[in-house]
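Protein chains in written order, with this note's numbering: chain A, 1 to 190; chain B, 191 to 385; chain C, 386 to 830; chain D, 831 to 1166; chain E, 1167 to 1360.
I have placed the structure first, in the form of structure tokens, so that the comments after it can refer back to it.
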Amino acid sequence: MEYIIIIITAIFVNNIVLAQFLGICPFLGVSGKVSTSVGMSGAVMFVMTIATIVTWLIQNYILIPFSLEFLQTITFILVIASLVQMVEIILKKVSPPLYQALGIFLPLMTTNCAILGVAILTMQNDYNLMQGVVFAIANAIGFGIALLLFSSIREHLDLLDVPKGMRGVPIAFVAAGILALAFMGFAGLV
Amino acid sequence: MSKQKKPESTFPNMVLALFLVTMIAGLALGGVYVVTKEPIAAAKKAKLENALGKVLPEFDTIKNKKVPAYNGKDSLVFYTAYKSGSKVGTAVKTYTEKGYSGRFEIMVGFTPDNRIENTAVLNHAETPGLGDKIDKSKSDWSKQFNGKNPEQFQLKVKKDGGDVDAITAATISSRAFCDATKRAYETYEKEGGVK
Amino acid sequence: MKALKTFKLGGIHPQEYKISADKPIEVLPIPKTVNIPVAQNLGAPSKVVVKKGEQVKTGQLIAKGEAFISANVHASVSGKVKKVDEVLDTSGYKRLAVTIQSEGDEWEEDIDTSEEIKKEITASQQEIIDKIQEKGVVGLGGATFPSHVKLKVPEGKTAEYLIINGVECEPFLTSDHRLMVEKGEELMVGIELLKKGLGVEKVLIGIENNKPDAIKYLSEVASQYENIEVQPLKVKYPQGGEKQLIKALLGREVPSGKLPIEVGCVVNNVGTAYAVYEAVQKNKPLVDRVVTVTGKNLEKPCNLQVRIGTPVQDLIDKAGGLPEDTGKVVNGGPMMGKALTSLEAPIVKGTSGVIVFPKGEATRVTQKTCIRCGKCVEACPMGLEPFYLAQLAEKELWDRAEENLIMDCIECGSCHYTCPSGRPLLDYIRVGKPNVGQMIKNRGN
Amino acid sequence: MDKLVISGSPHVHQNTSIPKLMYMVVIAMIPAMLVSFYMFGLGALRVFLIAVLSCYLFEYLIQRYLIKGPITINDGSALITGILLAFNVPSSIPWWMMVVGALVAIGMGKMSFGGLGKNPFNPALVGRVFMLISFPVEMTRWPKPIVSREYFSFAGVDDKVLDTVTGPTPLGVLQEKGVEGLSQTSNYADLMLGQMGGSMGEISAIALVIGGLYLLFRRVISWHIPVAYLGSSFALAAILWFANPTQYADPFFHLVTGGLILGVFYMATDYVSSPISAKGQIIFGVGAGVLTILIRVFGSYPEGVSFAILLMNAATPLINNRFKPKRFGHKPAKAA
Amino acid sequence: MNQWQNFTKGFIKDNPVFVLLLGLCPTLGVTTSAINGLGMGLATTFVLLMSNTVVTLIKNFIPVKVRIPSFIVIIASFVTIVELVMQGFLPALFEQLGLFIPLIVVNCLVLGRAEAFASKNDFISSVLDGLGMGLGFTFALTLLGAVREILGSGAIFGWDFVTGDGMLVFVLAPGAFIALGYLIAIMNKFNKAS
Ligand SMILES: Cc1cc2nc3c(=O)[nH]c(=O)nc-3n(C[C@H](O)[C@H](O)[C@H](O)COP(=O)(O)O)c2cc1C
Ligand SMILES: Cc1cc2nc3c(=O)[nH]c(=O)nc-3n(C[C@H](O)[C@H](O)[C@H](O)COP(=O)(O)O)c2cc1C
Ligand SMILES: Cc1cc2nc3c(=O)[nH]c(=O)nc-3n(C[C@H](O)[C@H](O)[C@H](O)COP(=O)(O)O)c2cc1C
Ligand SMILES: Cc1cc2nc3c(=O)[nH]c(=O)nc-3n(C[C@H](O)[C@H](O)[C@H](O)CO)c2cc1C
Ligand code: SF4
Ligand code: SF4
Ligand code: SF4
Ligand code: SF4
Ligand code: FES
């Protein structure tokens, strides 16, 4: 039950993009095409889960025991940056097809604040490791759903003649705003 | 432009550079940490004392202990206040999960005769303009609890058969506030009130 | 009553306006000059074999189809070849044509011009096919595909059904209808010939229910033959499209990009069957055909037997002349026909009708924005999304147009017909198809 | 003779147009409009006029001065948006909030995307949800039918009277007090005819169904979305009810209360923001039905129709990509 | 490009938010009021200025391959310094900005300027660039915060100029997207005109 609450909250009620404002840049940057948004969501899920596990271990077995919590930001970002590198190298060796699919999105992860944000939120919420993993995956799914919906809307808008002043980014934001309005309907679902 | 030669990317060079950068950064951070340690602790303490001061009568010493809540999973923190060695009240840091935007925490102060001295919202994410009226800085709504003894004053909104006037269009937040207060009171009761 | 058969997907029911349905076929007098385009069939143009100044007889070969998909062309009148030059065809393009100044009406000797119906079939399968080729018979249903090619069933495929297309689903047109009512006996012989040529056993004749007299009469005649069945169909456009017709009659679906033979069928128009009869039994080349001349304001709508190459003007004169308020003249049906640029254009083998529209109905409404009502999708008999294909074509997104099956479009026009925003969807799609075709071809290399 | 007109085939055209379709929708809404006038009196008329006039005005101003394109305010779509917007608010709404709602519906929901045919979301619902979230107090204060009508005039009404003549909607009661709360307040005949608190256009299920059947009969809308929407919401409500009738309201109650019927026939069916293919429309309807009940039963909003339809609007481009019409000559497996 | 332009380009022409579309998460996340926008903007400006300064100073001592990791360490250090200082001296604002302070470290604006500008340009230019971009960012956040506060709460910098509430949407998530969308549209128009 507790996990279900975490999942529904992260996906619908507090959607990472539409309510928490994390990962906006990739949300805007790769949402032009449905196909790339699928690849991006996959990469996010992959990295977000691993990053949450590793940072959780570091937080609970290094930073807290040695009272080094103030180094959280700097250690987390370094961990994430090197993790992304490693994932890239390992994927290339172990699963070339997966690397093909996710490859171009991986470098973007380092500057994706959704990854770091979820890692920090996991610590702030005092989740245990399992809860943290579920939280990370659910957030990645929430990211994926928002991205998928949004990219198909944008692909659709590309075929129409949006007025000049609104074309491109402005109308994308307005559409995202209406999407966020619609997501408010999920309020109180848990 | 800069025709200056950069160090080659040889392995020793890279390690050395990174090491130096990290070293310096680490030292700088350590320094700042030491400098800010005191103010940060002071700020945290000030915040707590500020809250305690709001919900309790004047005091000079505080003792705190953790007490398991009478329901719900978390434990509550009791701050017992003394003035010149005698108890003047107990503040209970309590919570609710039923807010419009989930969990929020409040502090409830009880006088030795089991009345609510005052309440203070510690943190919340309720909607600005609606649910945030539970906070004293936004509205006087929560003043209706002051001086009430929960034995006589049903900690429920009127719609649910209690004595609390709900905030217009924010019944959920009002209910949640009652939930947190009730949790504090029942636990406080179970602990035997101000012994 | 049992529900009539029809195809399920899409389709529309425009107002029928079959105002010339009860006008018997009249023979139009021989025109003074004819312009006979030498590329009248689908496929390669034929090679001209007569010279300027040469004297020709009616039915004499004037252009020979040499490529695999091409057909012979014959003189439709006797007289002198005035020139071999380009003339404007029905759609306003310049096309090579043989112009003949008519003198009398002298036929090639071996052609049987009598009225007598010759039922007995003596020709062998190969002889039938050869005769059809020699006499220049092409499909008269509109696409003018050389009929002898159709009869050669490709290796590995078997024809199970011959389907005779008597649907005539376009509004206004009645030429097939009249042919069925007046020439039933000849038609059956033509069908028997096609049957033998193809080597099939079973024949289905599909006729829409708005022609009860044709259904009744042909059923009677067909009862004298084995395995020829007349199947009444619910009125729905474009049931005459061969894919829709096969679906309606047999429930079989011709796969995308494939020919009817894939599902064991060959489809021929009733006019074609009649032409086959004449070619094989009477030795007569395809030099004339039945054309409906009609229009709401026309004085005398009629069905005329017309020599190929006759100027459209002659037909209209016969029907009482062009009304004052004429805005548009269409060669073919109102759904698929082409607007004429000039009344001098000649009747060709594929001309099934000439329709005169008054000014008020000639111009299109101005197109508005698509409101995504989906009515065009509902109407499309191929299950396409015309509004979307039009958008893709407008934005020149050819690969997405291909993914969305633009090449499956049969250009029936149902989408444009239904669109409440007056969007010329088919125009957009027509722009798209050659581009997509080119893209597919380039990929092949 | 003048020159002949040349154009591609086809040369005949069905006798329809956008305004004709739109005005049929307007005609279909007349019964529900009359009911709201009867129940809420002049106050209702006031809100309708403000909503419709502001929609026209904003559409005109934006086309004229911002887009600088052709003016198409006569196509009837702004009229529908205005009426539906008015249908979706209580008759006590202050005038300026209604104007803001119209600006959001037309300006943000429709014209920002390029106007008729371009908007991915239903404009009236964008306006409505915007208002609901911006003005939660005013948007959830429901005048009581008939009782309240004399208190409302063109000038609006003062706050003191409001509290005495407003009451909760049946769904609000359900949210607050659960199923027992309901049994005291409502009987089905009242609910069908419109004797309940609510937004102006949603109260009378019967009037709405009459209009809806008219639209189906005139083939303005197809059956897929209404049937899938009604069917799925009924089914889900029924499952919950069978599981625990003391906790969950019965499915008929869910059908006749709130904006369900209004949404099903008039808003989920908006061409522009709903899927094209029959399959897609069924998915859309089922999704909207399920979301509506989930939000009503488990969410903090008592009513979920607006949100459910907007969410499905968002999914519509995706549905259109995935669910193509049945293609002729392709194996069904491949078409999906 | 002269130094004046290095400084001013960040305000309108190359505004990080309205034109370059960088740092959007904090832009949307913290701008529920003008004061929050201003605070976040200044915090980011500090990090941007300091990291640009340090990067341009040490650029010649860092091998190419470890450039990015070194920059990250430098940026993260300054972020931590901001965190610690704010926690100690501005606890209330720190709580308001919450998660978004540590997230300055991944703000593409900061890393982007270090990588694309400071590591290639001289000291003065880099400092002016950092300061200009930072102030441009601050300007954008304050503007967005002000718009949302005015529309959403009927107030500006905490001063209520109307009684009662505004349109609540604007203090909530959807309002952030909507307000930014229209602001960008207006800025585009403005940029094109000039
Ligand atoms: C955007 C929005 C935010 C809301 N925020 C709160 C809130 O923070 N607290 C609350 O109790 N109700 C909030 N509500 C209102 C609830 O949905 C619900 O209408 C209300 O609590 C019912 O109580 P009432 O009987 O007092 O109207 C909010 C509503 C909306 C539309
Ligand atoms: C390129 C091409 C090749 C064709 N080849 C054959 C064939 O080999 N056998 C056959 O029976 N029909 C063949 N057809 C004729 C079609 O089956 C069909 O009758 C003709 O295209 C006219 O159809 P329509 O009037 O419905 O468009 C061919 C048509 C085309 C365009
Ligand atoms: C939309 C459409 C409608 C058609 N309608 C008819 C029709 O009503 N009658 C007909 O004989 N052919 C019609 N055709 C042509 C047939 O598809 C097919 O080509 C023809 O029946 C083949 O016979 P033919 O080769 O003898 O012409 C139509 C084609 C299309 C694409
Ligand atoms: C069947 C039908 C339903 C409609 N429903 C709505 C609606 O719910 N909301 C709305 O704003 N416009 C509606 N319209 C009008 C119009 O389609 C709508 O404003 C477009 O979304 C504007 O592009 C409807 C139109 C039709 C034909
Ligand atoms: S569409 Fe083709 S088949 Fe139908 S009537 Fe016209 S010519 Fe005949
Ligand atoms: S013309 Fe093409 S797209 Fe239009 S309805 Fe006919 S087949 Fe479909
Ligand atoms: S019928 Fe016309 S308006 Fe309707 S979807 Fe098709 S193209 Fe668009
Ligand atoms: S890191 Fe910065 S730029 Fe990237 S998503 Fe977050 S805010 Fe946007
Ligand atoms: S009939 Fe010519 S393309 Fe289909």
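For glycine and all other residues, C-beta sits at the position ideal for the given N, C-alpha and C.
Comparing alpha-carbon positions, which option in the options lies nearest residue i?
i: Pro-276 (chain B); options: B:Asp-353, B:Thr-251, B:Phe-294 and B:Asn-313; result: The question names Pro, but residue 276 (chain B) in the sequence shown is Ser. Closest by alpha carbon: B:Thr-251.
i: Tyr-1048 (chain D); options: D:Pro-840, D:His-841 and D:Met-854; result: Contrary to the premise, residue 1048 (chain D) reads as Arg rather than Tyr in this sequence. Of D:Pro-840, D:His-841 and D:Met-854, the residue nearest in Cα terms is D:Met-854.
i: Gly-220 (chain B); options: A:Val-87, A:Leu-18 and A:Ser-67; result: A:Ser-67
i: Ile-1036 (chain D); options: D:Pro-1147, D:Pro-840, D:Lys-1156 and D:Asp-1020; result: D:Asp-1020
i: Thr-711 (chain C); options: C:Thr-748, C:Tyr-478 and C:Leu-630; result: C:Thr-748
Indicate, with yes or no, if ligand 4 has a heavy atom lying under 6 Å from the CB of residue i.
i: Thr-1099 (chain D); result: yes
i: Val-934 (chain D); result: no
i: Val-462 (chain C); result: no
i: Ile-903 (chain D); result: no
Within the present structure, is the beta-carbon of residue i separated from the nearest heavy atom of ligand 3 by less than 6 Å?
i: Ile-141 (chain A); result: no
Given residue i, which residues of its chain have a CB within under 6 Å of its CB, disregarding the five upstream and five downstream residues?
i: Lys-164 (chain A); result: none
i: Ser-604 (chain C); result: Val-615
i: Lys-1109 (chain D); result: Phe-1153
i: Asn-918 (chain D); result: Arg-958 and Ser-1029
Under 9 Å Cβ-Cβ, which residues of chain A neighbour residue i?
i: Lys-343 (chain C); result: Nothing about residue 343 (chain C) can be read from this structure; chain C reaches only from 386 to 830.
What does residue i touch in chain D if you count any residue whose Cβ is under 7 Å from its own?
i: Val-1335 (chain E); result: Phe-960, Ile-963 and Ser-964
Below 8 Å on C-beta distance, what does residue i contact in chain A?
i: Leu-266 (chain B); result: Going along chain A, no residue has its Cβ under 8 Å from Leu-266 (chain B), so there is no contact; the nearest lies around 16 Å.
i: Ile-897 (chain D); result: Pro-163
i: Ile-1125 (chain D); result: Gly-185, Phe-186 and Leu-189
Please go through the same chain and pick out, in chain order, the residues whose beta-carbon is closer than 8 Å to the beta-carbon of residue i, but skip the five residues on each side of it.
i: Gly-352 (chain B); result: Gln-344, Leu-345, Lys-346 and Cys-368
i: Pro-900 (chain D); result: Gln-893
Suppose the cutoff is 7 Å on Cβ atoms and the five residues either side in sequence are ignored; what does the same chain contact list for residue i look like?
i: Gly-243 (chain B); result: none
i: Ser-192 (chain B); result: Unreliable placement is indicated for Ser-192 (chain B), whose pLDDT of 44 sits below 50; no coordinate value is reported for it.
i: Leu-955 (chain D); result: Met-1097, Ser-1136, Ile-1139 and Leu-1140
CB of residue i to nearest heavy atom of ligand 7: below 6 Å?
i: Ser-847 (chain D); result: no
i: Phe-12 (chain A); result: no
i: Lys-467 (chain C); result: no
Who are the neighbours of residue i on chain A, taking C-beta pairs under 7 Å?
i: Pro-1235 (chain E); result: Ala-81
i: Ala-1145 (chain D); result: Leu-149
Beta carbon of residue i: closer than 6 Å to some heavy atom of ligand 6?
i: Pro-399 (chain C); result: no
Output, in chain order, the set of chain B residues within a Cβ distance shorter than 7 Å of residue i.
i: Phe-1255 (chain E); result: Pro-229
If the cut is a Cβ gap below 8 Å, which residues of chain B does residue i touch?
i: Ser-1130 (chain D); result: Tyr-290 and Ile-362
Give the interface partners of residue i over in chain C, defined as CB-CB distance under 7 Å, in chain order.
i: Thr-846 (chain D); result: Pro-805
Going along chain D in order, which residues have a C-beta closer than 8 Å to the C-beta of residue i?
i: Ile-1344 (chain E); result: Met-938
Is it true that the segment 525-537 of chain C meets the segment 701-709 of chain C, where meeting means three or more beta-carbon pairs spaced less than 8 Å apart? Segments in contact, no.
Counting pairs of beta carbons, one from the segment 487-495 of chain C and one from the segment 463-471 of chain C, are three or more of them closer than 8 Å? Taking a cut-off of 8 Å on C-beta distances, the segment 487-495 of chain C touches the segment 463-471 of chain C, as three or more cross pairs fall below it.
Pairing CB atoms from the segment 660-673 of chain C with CB atoms from the segment 446-461 of chain C, are three or more of them under 8 Å? Below 8 Å, enough C-beta pairs join the segment 660-673 of chain C and the segment 446-461 of chain C to call them touching: three or more.
Check whether the segment 355-368 of chain B touches the segment 632-647 of chain C, taking contact to mean three or more Cβ pairs, one atom from each stretch, closer than 8 Å. Contact fails: fewer than three Cβ-Cβ distances are below 8 Å.
Quick check: the segment 392-404 of chain C against the segment 794-803 of chain C, are there 3 or more CB pairs under 8 Å? They touch, by the three-pair rule.
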